[in-house]
Each structure stands twice: as structure tokens, then as C-alpha cells.
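**Q** Following my numbering, the numbering of the sequence shown begins with 38 at its first residue and continues without gaps. Before anything else, here's the structure in question.
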Amino acid sequence: MDTELTSSQAFFMMEPTAQAAFFISRNIRHCQLDTSAYCRAFQEVIAVRIELNSPQKIILVSVYLRPETGRSNRGDLAWMTHLRSIFPGDVILIGGDFNAPNVIWGYPRYTPRGAQLEREAQAVNLTLVNDLNISTTTALHSCQKGTAPYLTWKSHNLCSSWSCGNDPWGRILARPCMGSR
């Protein structure tokens, strides 16, 4: 993973196959939260708590769950409840590739992991932010079946609107304009 963003601090698993990461500006007060209990060979959870120019704190979470196979674990989504219980008043914004098919977010079918994610998100009062009319990914090779949406979840106490911009590598990036209710 290229971490050459000099004005940012990088957060990711120290594994060659790491998929979840954050780059936080050094000008923003922040600290990484310990999610190591929820990181496994099939799942990565990186969480950072930031403080903007208000007393409100925001927990940003980057997630990657590898696709399920007959041998893989379904994933442990208990980190959602854990973070909410430790920081009950904080805003939470979660983004990532859950590999959790569910018709609610655009897949043609449900899977046990998709149902589990739906239940866990409801239990901690998270709302799916995705615009289901806009694809977040495209197939990169013939084994992939079309698109598989990356999901973005927000806590109920976060108002958000989105605009498109570019990330440092020239790809299109959705930028949230956030405020708390």
C-alpha cells in the first residue's frame, strides 16, 4: 500500500493483503481506535476517532470483508455494537466492501452475511447512505458479476450531503459534507 501522503497519517493493517485504510490529515485531531480484536484473515476493521471544530467527535471506520467461501467465516460485525457502546454520543461514518449481498443495497439476492449486516446496522441505528442508482464499483475481470456495491453507513445523528471530487490518485471520490443534528 502506497503511504506517501506526507501531510497525512496512514492507518491500515500491517499485512501485504491489507484492503481497509485511512489517510487522515495531520491537521485534524485524531486517534486510532483499537479494533484488533475484530481483525482476522477474512476481515479488516480500521477505526479512527476525529475531532473537528466542534465538541462533536466522529468515528470513521474502513471495513473490508473478504468474499465468503465454503471455508470462510461469515464475519464478525460485533465491532459495530462495541464502538456504539463505548462512544454512544459520537457520530459514526462507516465505509467499505462488506461482500454482503442483500437486495436492500442492490444485489439480486440475500446471503446470511447480508442479513447479518442488515440486523447489526439496525441494532445500532445506522442508515445506509448509498444512492442505489449510482454504482460504487465495476467488474474488473470476468469472474466478477457486474458491480458489487461498497456500502456507506451513517449514524442517525449525522446529516450528510455528498459531492464528487478527486482523490490524490485521480480517481473519482465522493466527499461528504457533514454536520451533526
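Every residue, glycine too, gets a C-beta built ideally from N, C-alpha and C.
Check each candidate in Asp113, Glu81, Pro149 and name the one with the smallest Cα separation from Val98.
**A** Per the Cα distances, Glu81.
**Q** For the stretch 74-121, which segments carrying the beta strand (DSSP E) assignment without a break, of at least 3 residues, lie completely within its bounds, in sequence order?
**A** Segments of the beta strand (DSSP E) lying fully in the stretch 74-121: 80-88, 94-102.
**Q** I believe Gly133 touches Val100 by the beta-carbon criterion, under 8 Å. Please report the beta-carbon distance rounded to the nearest angstrom.
**A** The pair is a contact, with the Cβ atoms about 3 Å apart (cut-off 8 Å).
**Q** Using DSSP's beta-bridge definition, name the partner residues of Gln69.
**A** Val85, per the DSSP bridge assignment.
**Q** Which word fits His193, buried or exposed, when buried means at least 16 other C-beta atoms lie within 10 angstroms of its C-beta?
**A** The residue is exposed, with fewer than 16 neighbouring Cβ atoms inside 10 Å.
**Q** Give the straight-line distance between the Cα atoms of Phe79 and Thr164, rounded to the nearest whole angstrom.
**A** Using only the alpha carbons, I get a separation of about 25 Å.
**Q** In the DSSP output, what is Gly132 paired with across the bridge?
**A** Per DSSP, Ser99, Thr189.
**Q** For Thr164, which residues does DSSP report across the bridge?
**A** Answer is Lys191.
**Q** Smallest Cα separation from Arg77: which of Gly112, Ala160, Val161, Leu169?
**A** Per the Cα distances, Gly112.
**Q** Compare the C-alpha of His67 against each of Val166, Phe59, Trp190, Ile87 and name the closest.
**A** Among Val166, Phe59, Trp190, Ile87, the Cα nearest to that of His67 is on Ile87.
**Q** Cα-Cα, which of Leu102, Leu89, Ala115, Asn170 is closest to Ala58?
**A** Considering only alpha carbons, the answer is Leu102.
**Q** Let me know the secondary structure DSSP gives Ala137 once reduced to three states.
**A** Note: Ala137 maps to coil in three-state DSSP.
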